[in-house]
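Trainee: Numbering (UniProt numbering), first residue to last: 1 to 99.
I'd like to ask some things about the structure below.
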């Protein structure tokens, strides 16, 4: 069996964490990826959740450990504003956004 550290590229992208519900196996896999990369590789994580909310999508112990490792050497970028996709989709087409 190939070790997990051999599966992770030089840097990784974990996109839209928390977008879909996840079970215990997915939470454990997320933690294992983060742990394997910790202090070895760069990891980019995108999410609509604040890191303090990761315990709403996975068990608190896994969320705390994963976020601790992710934020230890992190450069955090927080973006705010309206969705450009929604803005483009509704521009001049008479489509109203869902509220």
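Backbone N, C-alpha and C define an ideal beta-carbon position, used for all residues, glycine too.
#1: Am I right that residue 12 and residue 57 are in contact with their C-beta atoms under 8 Å? What's the rounded C-beta distance?
#2: What alpha helix (DSSP H) runs, 4 residues minimum, are completely inside the UniProt domain "IstB-like ATP-binding" (13-89)?
#3: Alpha carbon to alpha carbon, what distance is there between residue 82 and residue 90?
#4: Please name the residue, chosen from 29, 75, 87, 84, that lies closest to residue 51 on a Cα-to-Cα basis.
#5: With a threshold of 16 other CB atoms inside 10 Å of the CB of residue 29, please say whether the residue is buried or exposed.
#6: Whole-angstrom Cβ separation of residue 105 and residue 27, contact assumed at under 8 Å?
#7: Once the 5 residues before and after residue 47 are set aside, which same chain residues still bring their CB inside 6 Å of it?
#8: Rounding to the nearest angstrom, what Cα-Cα distance links residue 49 and residue 15 in this structure?
#9: Measure the C-alpha to C-alpha separation of residue 38 and residue 86 and round it to an integer number of angstroms.
#10: Keeping to the same chain, check which residues put their C-beta closer than 7 Å to that of residue 65; ignore five residues upstream and five downstream.
Mentor: Let me lay it out:
#1: The pair is not a contact, with the Cβ atoms about 19 Å apart (cut-off 8 Å).
#2: Taking 4 residues as the shortest admissible run, the UniProt domain "IstB-like ATP-binding" (13-89) contains the following complete alpha helix (DSSP H) segments, listed from N- to C-terminal end: 24-37, 60-72.
#3: Distance between the alpha carbons of residue 90 and residue 82 is about 12 Å.
#4: Nearest to residue 51 by C-alpha distance, out of 29, 75, 87, 84, is 75.
#5: With fewer than 16 Cβ atoms within 10 Å of its Cβ, residue 29 is classed as exposed.
#6: The structure shown does not extend to residue 105, since the chain is modelled only from 1 to 99, so the question has no answer here.
#7: Excluding sequence neighbours, residue 47 sits near 17, 18.
#8: Their Cα atoms are separated by approximately 12 Å.
#9: Taking C-alpha positions only, residue 38 is separated from residue 86 by approximately 35 Å.
#10: So the qualifying residues of the chain are 31.
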